[in-house]
Amino acid sequence: AGQARRLAFQPGSATTSSVDSPLPVPVLAVDQYGNVAAGSPAMDVEVRLTGTQVGGAGRLSLSNGEGTASVTSQRPQTVELSFLDTYNTNLDVSATRALTFSVGAATKVAMAVPASTNVGSPVSVDLTSLDQYGNEVPSSASITVRVTGAATVSNSGIATLSGGRASIVLRSTKA
Numbered sequence: 001a002g003q004a005r006r007l008a009f010q011p012g013s014a015t016t017s018s019v020d021s022p023l024p025v026p027v028l029a030v031d032q033y034g035n036v037a038a039g040s041p042a043m044d045v046e047v048r049l050t051g052t053q054v055g056g057a058g059r060l061s062l063s064n065g066e067g068t069a070s071v072t073s074q075r076p077q078t079v080e081l082s083f084l085d086t087y088n089t090n091l092d093v094s095a096t097r098a099l100t101f102s103v104g105a106a107t108k109v110a111m112a113v114p115a116s117t118n119v120g121s122p123v124s125v126d127l128t129s130l131d132q133y134g135n136e137v138p139s140s141a142s143i144t145v146r147v148t149g150a151a152t153v154s155n156s157g158i159a160t161l162s163g164g165r166a167s168i169v170l171r172s173t174k175a
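Residue 138 in full-length UniProt numbering sits at position 138 of the sequence shown, with consecutive numbering throughout.
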């Protein structure tokens, strides 16, 4: 391989992940023919990312023409990875890659309960399935809601989520 001319992404590398997992992005310094410039001296480039609540931007070191950026996102979104030649490598750093993050696995259920109600009156409680970062997860799982004290819950407390949401009715039997 010849002298490194530009940055490129390893062909066939993954471009999708969930918010639960970092996405490794192999980056290559290649010659004019697209071959990895394995004999290149160690160099640094700056990784730039678009999107909200993303991680992995900053300095990326390449050794023997190879390096790996590790990109994370706490939100389901498409993140664009690009480079900046902050460290004066004189490489063509115009390559970009779109990375897509989906919601993570459901880890909790949020309950939306009215602030107050009258004894004996039914109260609708909205349930929403969430991942570790609070993103809605379109789950169809069945969950059991248990209440303690002087209250009853509809359907024996079993709520089946549809698109990650369900409602259940509570009734207080004592003030």
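Positions of the beta carbon are idealized from the N, C-alpha and C atoms, including for glycine.
{"Query": "For leucine 84, which option in Ser61, Leu28, Ser94 has the closest C-alpha, if you only look at C-alpha atoms?", "Result": "Ser94"}
{"Query": "In the DSSP assignment, find the beta strand (DSSP E) that holds serine 13 and state where it starts and stops.", "Result": "Segment: none, serine 13 is in no beta strand (DSSP E) and carries neither H nor E."}
{"Query": "Give the secondary structure of glycine 157 by DSSP, where H, G and I count as helix, E and B as strand, and everything else as coil.", "Result": "helix"}
{"Query": "What did DSSP end up calling serine 17 once you bin it into helix, strand or coil?", "Result": "strand"}
{"Query": "So within the stretch 123 to 148, which uninterrupted beta strand (DSSP E) runs reach at least 3 residues, ignoring any that extend past its ends?", "Result": "142 to 144"}
{"Query": "Given this structure, state the Cα-to-Cα distance separating valine 30 from glycine 2, to the nearest angstrom.", "Result": "8 Å"}
{"Query": "Counting beta carbon pairs with one atom in the stretch 39 to 48 and one in the stretch 98 to 107, are three or more of them shorter than 8 Å?", "Result": "no"}
{"Query": "Mind checking whether alanine 69 and valine 36 have CB atoms under 8 Å apart?", "Result": "no"}
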